[in-house]
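K.L.:
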Amino acid sequence: MASASGTTIAKKLAQLIGLLVVLGVLAAGLLLPYVGGVGLAAKSGADKFLNTPCTLTEEPVQQKTTLLASDGKTVIATLFDQNRSVVSLNKVPKAVTDALISTEDRRFYQHHGVDMRGLIRGALKTSNGDTQGASTLTEQYVKQVRYYNANTDAERAAAIAQNVDRKISDAKCALQLEKKYSKAQILEKYLNIAFFGENSYGIQTAAQTFFGEDVSKLTVPQAALLVGLVKSPTTLDPYNYLADARARRDLVIGNMASQGDITPAQATAYQATPVKLARLTLPPRGCAFANPQILNAGFFCDYATQWLHDTGGLSDQKVNTGGLRIVTTLDVALQNNGQNAIWTQSGLDPKNPYLLAMPSVNPSDGAITSMITDKKYGNRKGDPSYTEGPIFTKPYAGSGSTYKYFTALAALKSGATPDLVLNAPSPYHVKVCTSPDAAAYSPSNAGSYDPNLPLRKALPESSNTYFVAMEDQYFGCNIAPIVNTATGLGMTALNATESNGKTIAQNRIAGNSLTFTLGQESTSVLQLTGAFSALANGGTFCPPTPIKSVTDPSGNPVSFKKPGCSRQFDPWVANTMLNIMTNDTNPSGTGGTASQYFGNWYGSGGSLIAGKTGTNNAADPVTGKDNGLNSALWFVGVTPKFVSAAALVNPDRPNLAIQNVPGITAGNNGADTFGAYAAKFWLQAFGPSLMPQKWTWPTVDSTPGTPVQNVDGRTVQDATQALQTQGFKVKVLTSQTCASPYPQGTISGYSPGIALPGATITLCVSSGYRPYVYVPPVKKPTTKPPSSGPAPRPTRTHGGGGGG
Numbered sequence: 004m005a006s007a008s009g010t011t012i013a014k015k016l017a018q019l020i021g022l023l024v025v026l027g028v029l030a031a032g033l034l035l036p037y038v039g040g041v042g043l044a045a046k047s048g049a050d051k052f053l054n055t056p057c058t059l060t061e062e063p064v065q066q067k068t069t070l071l072a073s074d075g076k077t078v079i080a081t082l083f084d085q086n087r088s089v090v091s092l093n094k095v096p097k098a099v100t101d102a103l104i105s106t107e108d109r110r111f112y113q114h115h116g117v118d119m120r121g122l123i124r125g126a127l128k129t130s131n132g133d134t135q136g137a138s139t140l141t142e143q144y145v146k147q148v149r150y151y152n153a154n155t156d157a158e159r160a161a162a163i164a165q166n167v168d169r170k171i172s173d174a175k176c177a178l179q180l181e182k183k184y185s186k187a188q189i190l191e192k193y194l195n196i197a198f199f200g201e202n203s204y205g206i207q208t209a210a211q212t213f214f215g216e217d218v219s220k221l222t223v224p225q226a227a228l229l230v231g232l233v234k235s236p237t238t239l240d241p242y243n244y245l246a247d248a249r250a251r252r253d254l255v256i257g258n259m260a261s262q263g264d265i266t267p268a269q270a271t272a273y274q275a276t277p278v279k280l281a282r283l284t285l286p287p288r289g290c291a292f293a294n295p296q297i298l299n300a301g302f303f304c305d306y307a308t309q310w311l312h313d314t315g316g317l318s319d320q321k322v323n324t325g326g327l328r329i330v331t332t333l334d335v336a337l338q339n340n341g342q343n344a345i346w347t348q349s350g351l352d353p354k355n356p357y358l359l360a361m362p363s364v365n366p367s368d369g370a371i372t373s374m375i376t377d378k379k380y381g382n383r384k385g386d387p388s389y390t391e392g393p394i395f396t397k398p399y400a401g402s403g404s405t406y407k408y409f410t411a412l413a414a415l416k417s418g419a420t421p422d423l424v425l426n427a428p429s430p431y432h433v434k435v436c437t438s439p440d441a442a443a444y445s446p447s448n449a450g451s452y453d454p455n456l457p458l459r460k461a462l463p464e465s466s467n468t469y470f471v472a473m474e475d476q477y478f479g480c481n482i483a484p485i486v487n488t489a490t491g492l493g494m495t496a497l498n499a500t501e502s503n504g505k506t507i508a509q510n511r512i513a514g515n516s517l518t519f520t521l522g523q524e525s526t527s528v529l530q531l532t533g534a535f536s537a538l539a540n541g542g543t544f545c546p547p548t549p550i551k552s553v554t555d556p557s558g559n560p561v562s563f564k565k566p567g568c569s570r571q572f573d574p575w576v577a578n579t580m581l582n583i584m585t586n587d588t589n590p591s592g593t594g595g596t597a598s599q600y601f602g603n604w605y606g607s608g609g610s611l612i613a614g615k616t617g618t619n620n621a622a623d624p625v626t627g628k629d630n631g632l633n634s635a636l637w638f639v640g641v642t643p644k645f646v647s648a649a650a651l652v653n654p655d656r657p658n659l660a661i662q663n664v665p666g667i668t669a670g671n672n673g674a675d676t677f678g679a680y681a682a683k684f685w686l687q688a689f690g691p692s693l694m695p696q697k698w699t700w701p702t703v704d705s706t707p708g709t710p711v712q713n714v715d716g717r718t719v720q721d722a723t724q725a726l727q728t729q730g731f732k733v734k735v736l737t738s739q740t741c742a743s744p745y746p747q748g749t750i751s752g753y754s755p756g757i758a759l760p761g762a763t764i765t766l767c768v769s770s771g772y773r774p775y776v777y778v779p780p781v782k783k784p785t786t787k788p789p790s791s792g793p794a795p796r797p798t799r800t801h802g803g804g805g806g807g
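The sequence shown lines up with residues 4 to 807 when you count with the numbering used here.
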């Protein structure tokens with residue numbers, strides 16, 4: 004009685020016989036001396052073979068992806084899992100194909116994908132427990148395709164398993180491939196997929212790795228050595244096992260002579276040639292090996308590849324193995340000039356727990372043009388100068404008074420004017436909010452301010468109390484318009500979920516958090532840059548993006564998701580804000596918080612820069628309460644084609660008082676340093692690149708369109724009819740009311756003030772609350788005239804603490 008193992012072997016051999024019958028290369032009866040009685044099963048084996056589909060899927064071989072700067076030429080980094088450069092067969096020397104065929108498949112040009120002699124020999128040895136088997140080059144190619152397409156260890160093991168099932172499956176696919184491709188195409192595919200050791204995939208990369216040569220320049224001995232490695236790339240690695248590799252090379256040379264590819268005399272001479280290898284170097288793989296000619300490009304590289312996955316919708320495998328050509332938005336000159344300035348002029352010590360992060364974008368399309376920091380990209384254990392952390396994108400610390408930008412925008416969008424005056428003495432006590440938390444809140448300013456300020460002065464001077472008063476009085480304690488303005492401008496860190504399951508934005512709106520305008524929420528410097536960029540783009544927000552285009556190895560476009568631009572406010576609002584915010588930096592303006600750092604800029608002929616500073620309060624390390632010191636320092640600078648936020652933060656302890664930073668008075672720990680200090684680094688990095696550019700900002704009156712008629716104080720119906728008659732559409736805000744001197748239910752204000760025909764005019768309905776303005780009592784004239792003019796208002800040297 005036959006054993007179970009014998010029956011299994013007979014079954015497998017029957018299938019093999021069926022295969023050979025199908026091939027028409029040999030009558031089944033001729034195999035009987037080898038397999039005995041199992042020849043009777045040939046027909047059933049043939050039927051099984053015919054009914055077995057080839058499940059091989061040929062994916063493009065993995066290739067190196069190249070990340071390029073915005074010029075489409077300068078390489079930032081090379082990304083790959085398999086170090087491979089595909090080469091066409093016409094560039095491969097004949098010596099390589101001769102060596103390969105003479106050693107791996109001498110009957111390559113005679114068979115149709117399956118070599119009967121080798122198949123029988125391999126099948127018999129396998130049935131006897133010997134795993135050796137002679138496969139054709141086509142079958143070897145099939146095996147390697149299966150292996151490199153495998154996603155699990157089990158699939159990879161099955162792809163190279165030494166059994167008759169796998170051999171029959173490979174043979175079926177090999178036959179199909181030989182009908183599909185020419186012999187030359189199969190050779191090209193084989194040479195490009197094969198692994199040669201030392202992370203070298205494909206003959207081109209192998210030639211460069213082992214000999215430092217292009218494949219076209221390989222000599223016969225070099226070709227023979229590389230072909231010899233295919234058998235066992237690890238145990239024949241010439242860098243580790245030179246003698247074994249040379250012996251294998253000489254065997255290949257002998258095979259070439261036996262096949263008549265070279266003469267015996269040539270073979271002897273080639274075998275006497277010593278093996279001369281190139282110096283083994285690690286290929287520059289990934290962002291850690293970004294082009295050193297682009298200073299500190301690793302941060303941008305890391306962000307760009309992550310963005311392609313998270314936002315662009317391309318898998319890591321596609322990016323790392325697809326042989327893509329990715330053109331990014333990085334401006335090499337801007338990056339190098341700015342980075343060099345920070346490293347050589349700032350005085351910042353990259354070992355300091357504080358770090359400086361300054362990304363920049365082009366506001367017209369959101370293109371990220373630079374990512375500059377005092378830190379160095381990399382991971383060196385024990386050296387705090389290096390980091391691979393997401394320092395440009397992670398919301399580390401509050402950005403202080405930069406959030407007044409969102410409050411001012413929300414007000415202008417709702418119909419407020421730059422002349423909106425609010426009474427906001429320091430400290431400020433709420434007048435409208437009724438919640439216990441709001442009633443107990445009494446913010447102060449860090450300097451001397453007029454208690455009655457218009458918006459046009461309050462923003463550049465960065466009065467804390469004015470903007471809390473705006474939340475309280477003008478918005479009636481409803482901060483939803485302010486928070487929604489921020490999230491609409493890409494401040495998506497506010498969408499993070501808190502412990503109660505709701506987002507930060509939802510919780511701040513529900514809690515009527517008057518602290519929101521003072522910027523105490525952890526902020527991403529890149530998101531803040533993007534939010535301010537809409538100001539220079541007429542109110543259209545384009546999310547920051549690092550990628551211009553992606554193409555495949557054939558030059559065909561590869562689609563990826565790219566968030567579109569969206570209008571967030573009107574050009575009139577944008578021009579109004581620009582008119583106000585240029586005073587933040589202009590020493591001849593209203594005394595903005597950053598003006599002390601821009602004297603030389605304007606003195607040298609620099610164009611007007613719109614800006615906003617921000618300072619985050621420090622907290623006592625023990626109690627966690629505000630200790631009167633400062634921690635994170637911020638400045639955002641805006642020009643027509645360039646916007647950048649600069650943040651000086653401690654990512655590990657964001658509320659710790661700033662220290663060990665040049666320019667801070669020893670021992671003060673940040674008491675004398677405010678957000679404007681960050682403008683110093685902003686100018687160092689970008690000033691030289693911006694100075695040659697000259698620009699003028701549009702005036703408010705130059706906004707395209709016609710003036711919108713004044714409908715303040717009119718009924719909603721009357722105002723709507725009047726504006727529609729003028730050719731505008733109308734939107735009445737239903738989720739908010741606005742303070743005004745007009746009766747409740749009438750129109751408090753409208754926006755924009757100038758618009759094109761067909762534009763939508765937003766109307767805010769009056770809450771009936773009349774903003775309070777303090778009027779000092781009239782003093783009786785004295786009999787003695789004053790000896791001089793009125794006492795000057797005390798000079799303020801910085802913006803609001805926790806804000807400016």
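In this text, a Cβ means the ideal position worked out from N, Cα and C, and glycines have one as well.
Note that the coordinates shown come from a computational prediction; the quantities given were computed from them, not determined experimentally.
Measure the alpha-carbon distance for L2 versus A496 and round it to whole angstroms.
P.N.:
What is shown of the chain runs 4 to 807, which leaves residue 2 out entirely.
K.L.:
Measuring straight from C-alpha to C-alpha, what distance separates Y406 and Q207?
P.N.:
Along the sequence shown, read from residue 1 onward, the residue named residue 406 stands at position 403. Along the sequence shown, read from residue 1 onward, the residue named residue 207 stands at position 204. Those two C-alpha atoms are separated by around 55 Å.
K.L.:
Could you check what DSSP says for N603 in three-state terms: helix, strand or coil?
P.N.:
Start at 1 with the first residue of the sequence shown, and residue 603 comes out as number 600. In this structure, N603 counts as helix in the three-state DSSP scheme.
K.L.:
Would you kindly work out how many angstroms separate the C-alpha atoms of I171 and K182, rounded to a whole number?
P.N.:
Taking the sequence shown and counting its residues from 1, one reaches residue 171 at position 168. Taking the sequence shown and counting its residues from 1, one reaches residue 182 at position 179. Each residue's Cα considered, the two are about 17 Å apart.
K.L.:
Just the Cα atoms here: how many angstroms apart are A499 and R511?
P.N.:
By 1-based counting over the sequence shown, the position of residue 499 is 496. By 1-based counting over the sequence shown, the position of residue 511 is 508. One C-alpha to the other measures close to 12 Å.
K.L.:
Taking K732 as part of the beta strand (DSSP E), name the residues at either end of that continuous run.
P.N.:
On the sequence shown, residue 732 is found 729 positions in, with the first residue counted as 1. Taken as a continuous stretch (DSSP letters only), the beta strand (DSSP E) holding K732 covers K732 to C741.
K.L.:
Starting from P710, follow its DSSP beta bridges and name the residues at the other end.
P.N.:
Counted from its first residue, the sequence shown places residue 710 at position 707. DSSP output for P710 lists I757 as bridge partner(s).
K.L.:
Decide if S527 is buried, meaning its Cβ has at least 16 other Cβ atoms within 10 Å, or exposed.
P.N.:
Residue 527 sits at position 524 when you count from the first residue of the sequence shown. S527 is buried by the Cβ-count criterion.
K.L.:
For P430, which residues of its own chain have a beta-carbon under 8 Å away from its beta-carbon, when the five flanking residues on both sides are left out?
P.N.:
Here residue 430 corresponds to residue number 427 of the sequence shown, with the count starting at 1. Hits under 8 Å: S445, P446, S447 and T468.
K.L.:
State the start and end residues of the unbroken beta strand (DSSP E) segment that holds K407.
P.N.:
Stepping through the sequence shown from its first residue, residue 407 is reached at position 404. Premise fails: K407 lies in the alpha helix (DSSP H), K407 to S417, not in any beta strand (DSSP E).
K.L.:
Could you compute how far the alpha carbon of Q747 sits from the alpha carbon of G716?
P.N.:
Sequence index remark: in the sequence shown, residue 747 carries index 744 (1-based). Sequence index remark: in the sequence shown, residue 716 carries index 713 (1-based). Each residue's Cα considered, the two are about 9 Å apart.
K.L.:
Could you give the DSSP three-state label for V90: helix, strand or coil?
P.N.:
Along the sequence shown, read from residue 1 onward, the residue named residue 90 stands at position 87. It is coil, neither helix nor strand.
K.L.:
When DSSP labels each residue in this structure, what does A293 get in the three-state scheme?
P.N.:
Counting from 1 along the sequence shown, the entry for residue 293 is found at position 290. The answer is coil: DSSP assigns A293 none of H, G, I, E or B.
K.L.:
Roughly how many whole angstroms lie between the Cα atoms of A275 and Q269?
P.N.:
Position 272 of the sequence shown holds residue 275. Position 266 of the sequence shown holds residue 269. In a straight line, the C-alpha of A275 is about 10 Å away from that of Q269.
K.L.:
Pairs of beta-carbons, one from the stretch 296 to 305 and one from the stretch 509 to 525, closer than 8 Å: are there three or more?
P.N.:
In short, these stretches do not touch, since the Cβ pair count stays below three.
K.L.:
In three-state DSSP terms, what is W637?
P.N.:
Taking the first residue of the sequence shown as 1, we reach residue 637 at position 634. Residue state, collapsed to three classes: strand.
K.L.:
Relative to the alpha-carbon of A250, which residue among T390, F214 and Y273 has its alpha-carbon at the smallest distance?
P.N.:
To locate residue 250, count along the sequence shown from 1; it is residue 247. Among T390, F214 and Y273, the Cα nearest to that of A250 belongs to Y273.
K.L.:
Could you check if T331 is buried or exposed, using at least 16 other CB atoms within 10 Å of its CB as the buried criterion?
P.N.:
Against the sequence shown, residue 331 aligns to sequence position 328. By the neighbour-count rule (16 or more Cβ atoms within 10 Å), T331 is buried.
K.L.:
With three or more C-beta pairs closer than 8 Å as the rule, is the stretch 457 to 465 touching the stretch 413 to 425?
P.N.:
A contact exists between the stretch 413 to 425 and the stretch 457 to 465.
K.L.:
Using a Cβ-based criterion (distance less than 7 Å to any ligand heavy atom), does S438 qualify as near the ligand GDP?
P.N.:
This structure lacks the ligand GDP, and indeed carries no ligand of any kind.
K.L.:
Could you work out which residue in T520, A174 and P56 is closest to S404 when comparing CA atoms only?
P.N.:
Taking the first residue of the sequence shown as position 1, residue 404 is located at position 401. The residue with the shortest Cα to Cα distance from S404 is T520.
K.L.:
Just to confirm, is the Cβ distance from S692 to L317 under 8 Å?
P.N.:
As a working note, residue 692 is residue 689 in the sequence shown. As a working note, residue 317 is residue 314 in the sequence shown. In this structure, L317 does not lie closer than 8 Å to S692 by Cβ.
K.L.:
Going by Cα to Cα distance, which pick from V64, P566, K97 and D377 is closest to L221?
P.N.:
Here residue 221 refers to the residue found at position 218 when the sequence shown is read from its first residue. Ranking the options by Cα distance to L221, first place goes to K97.
K.L.:
For L92 and K192, I'd like the C-alpha separation in whole angstroms.
P.N.:
Taking the sequence shown and counting its residues from 1, one reaches residue 92 at position 89. Taking the sequence shown and counting its residues from 1, one reaches residue 192 at position 189. Cα to Cα, the separation comes out at about 9 Å.
K.L.:
What's the gap between the Cα of A102 and the Cα of V230?
P.N.:
As a first step, residue 102 must be located in the sequence shown, where it is residue number 99. As a first step, residue 230 must be located in the sequence shown, where it is residue number 227. Cα to Cα, A102 sits roughly 6 Å from V230.
K.L.:
Which ranges does the alpha helix (DSSP H) cover as unbroken runs of at least 4 residues, wholly within the stretch 158 to 210, from first to last along the chain?
P.N.:
For the stretch 158 to 210, whole alpha helix (DSSP H) runs of length 4 or above, ordered along the chain, are 167 to 183 and 186 to 196.
K.L.:
Using a Cβ distance threshold of 8 Å, determine whether the stretch 360 to 373 contacts the stretch 578 to 597, with at least three qualifying pairs required.
P.N.:
The stretch 360 to 373 vs the stretch 578 to 597: no contact.
K.L.:
Taking the alpha-carbon of N152 as reference, which of S73, P63 and G200 has the nearest alpha-carbon?
P.N.:
Sequence index remark: in the sequence shown, residue 152 carries index 149 (1-based). The shortest C-alpha separation from N152 is found at P63.
K.L.:
Per DSSP, D629 forms a beta bridge with which residues?
P.N.:
On the sequence shown, position 626 is the one that residue 629 refers to. For D629, which the question treats as bridged, DSSP gives the partners A622.
K.L.:
Would you please state the rounded distance, in angstroms, between the beta carbons of T237 and D247? I believe it to be under 8 Å.
P.N.:
Here the question's residue 237 lines up with position 234 in the sequence shown. Here the question's residue 247 lines up with position 244 in the sequence shown. 11 Å between Cβ atoms; not a contact.
K.L.:
Could you say which of P356, Q309 and K175 lies nearest to G116 if we only look at CA atoms?
P.N.:
By 1-based counting over the sequence shown, the position of residue 116 is 113. The residue with the shortest Cα to Cα distance from G116 is K175.
K.L.:
For N258, does the count of other Cβ atoms within 10 angstroms reach 16, so buried, or fall short, so exposed?
P.N.:
To locate residue 258, count along the sequence shown from 1; it is residue 255. Label assigned to N258: buried.
K.L.:
Run through DSSP, which three-state label would S404 get?
P.N.:
Start at 1 with the first residue of the sequence shown, and residue 404 comes out as number 401. Looking at S404 - three-state DSSP - the assignment turns out to be helix.
K.L.:
What do you reckon, are the CB atoms on D74 and V471 nearer than 8 Å?
P.N.:
What you label residue 74 is simply residue 71 of the sequence shown in a count that begins at 1. What you label residue 471 is simply residue 468 of the sequence shown in a count that begins at 1. Taking 8 Å as the Cβ cut-off, D74 and V471 do not qualify as a contacting pair.
K.L.:
Count the other CB atoms, across all protein chains shown, that sit within 10 Å of the CB of W637; report buried if there are 16 or more and exposed otherwise.
P.N.:
Within the sequence shown, the letter at position 634 stands for residue 637. The residue is buried, with at least 16 neighbouring Cβ atoms inside 10 Å.
K.L.:
Classify N382: buried if its beta carbon has 16 or more other beta carbons within 10 angstroms, exposed otherwise.
P.N.:
Looking up residue 382 in the sequence shown gives position 379. So N382 ends up on the exposed side.
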